[in-house]
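Okay, so here's the structure we're looking at.
Residue numbers (this note's numbering), protein chains in the order written: chain S, 108 to 223; chain D, 18 to 132.
Structure below.
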């Protein structure tokens, strides 16, 4: 069983500043993956970044980085140099990796608004 | 070329009617999913198929019946629609195993409104 908690329903950030979106997880899987997805107001779901539970290095993808703290069971998304186009809803998700029957479980999301 | 495509994008229908949503992926993935996103934006998995075999069936009313004729297609049929079925339904695909992280590739969503 997996549970994802995103405690920030809404966040504001000034353009060009960095912002951290929080995510904590609870899983019974020994090996798991953590994901972040972006959903703009247009509605599509866009994959941003992935972190494996066995990865020692924090994942980075351009302006996105994942601050993975395994002992704390947290997988926070850091967006550097925020842009107006980053305004969207962001979902954290986890998936067990030991079986092809693993399903991605999503948090409730955080709405990020970037101010000019 | 769209990787995961679902049709129709919008459905507006009356209570009690039956409707279907179709999904196709051209990514060669083995696994396909249906997710439901409600009005509060909560995303919940409904079904998952791996190579045409049903592998995940969450607590979903049996009015919802998925069908996967081949691993590139996953359709969703809904009988006797109810007001609470109004939502956005996302189809997704992923590939699991060595060299793959299993991230989901989503379709654009199908917004179902039941009147």
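The beta-carbon is built from N, C-alpha and C at its ideal position, and this holds for glycine as well.
Return helix, strand or coil for residue i, following the three-state DSSP convention.
i: residue 117(S); result: strand
i: residue 101(D); result: helix
i: residue 32(D); result: coil
i: residue 43(D); result: coil
i: residue 108(D); result: strand
i: residue 113(D); result: coil
i: residue 155(S); result: strand
i: residue 223(S); result: coil
i: residue 177(S); result: coil
i: residue 161(S); result: coil
i: residue 55(D); result: coil
i: residue 140(S); result: strand
i: residue 79(D); result: coil
i: residue 135(S); result: coil
i: residue 128(D); result: strand
i: residue 120(D); result: coil
i: residue 145(S); result: strand
i: residue 26(D); result: coil
i: residue 19(D); result: coil
Cβ closer than 8 Å: which chain S residues qualify as neighbours of residue i?
i: residue 105(D); result: 150
i: residue 51(D); result: Under the 8 Å cutoff, chain S gives no residues; its nearest Cβ is about 11 Å from residue 51(D).
List, in order along the chain, the chain D residues whose C-beta lies closer than 8 Å to that of residue i?
i: residue 196(S); result: 58
Run down chain D in chain order and give the residues with a C-beta less than 7 Å from the C-beta of residue i.
i: residue 202(S); result: 119
i: residue 213(S); result: 60
i: residue 140(S); result: 118, 119
i: residue 117(S); result: Chain D residues near residue 117(S): none, gap ~12 Å exceeds 7 Å.
i: residue 216(S); result: 58
Quick one: list the residues of chain S neighbouring residue i, beta-carbon separation under 9 Å, in chain order.
i: residue 126(D); result: 150, 151, 152
How close, in whole Å, do the beta carbons of residue i and residue j come, if the pair is a contact with beta carbons under 8 Å?
i: residue 91(D); j: residue 211(S); result: Not a contact, Cβ separation roughly 16 Å.
i: residue 219(S); j: residue 194(S); result: 6 Å
i: residue 109(S); j: residue 132(S); result: 7 Å
i: residue 217(S); j: residue 146(S); result: In fact, because the Cβ distance is near 11 Å, the residues do not count as touching under 8 Å.
i: residue 209(S); j: residue 118(D); result: Incorrect: roughly 12 Å between the Cβ atoms, too far for contact.
i: residue 66(D); j: residue 85(D); result: 4 Å
i: residue 156(S); j: residue 171(S); result: 5 Å
Which residues does DSSP pair with residue i in a beta bridge?
i: residue 126(S); result: 186(S)
i: residue 49(D); result: 66(D), 110(D)
i: residue 92(D); result: 84(D)
i: residue 37(D); result: 94(D)
i: residue 61(D); result: 53(D)
Using a cut-off of 7 Å between C-beta atoms, extract the partners of residue i located in chain S.
i: residue 123(D); result: 151, 152
i: residue 95(D); result: Per Cβ cutoff of 7 Å: no residues; residue 95(D) is ~20 Å from chain S at best.
Taking Cβ-Cβ distances shorter than 9 Å, what residues in chain D pair up with residue i?
i: residue 157(S); result: 118, 119, 120
* In chain order, which beta strand (DSSP E) runs of at least 3 residues are fully inside the stretch 179-218 of chain S? -> 181-186, 195-203
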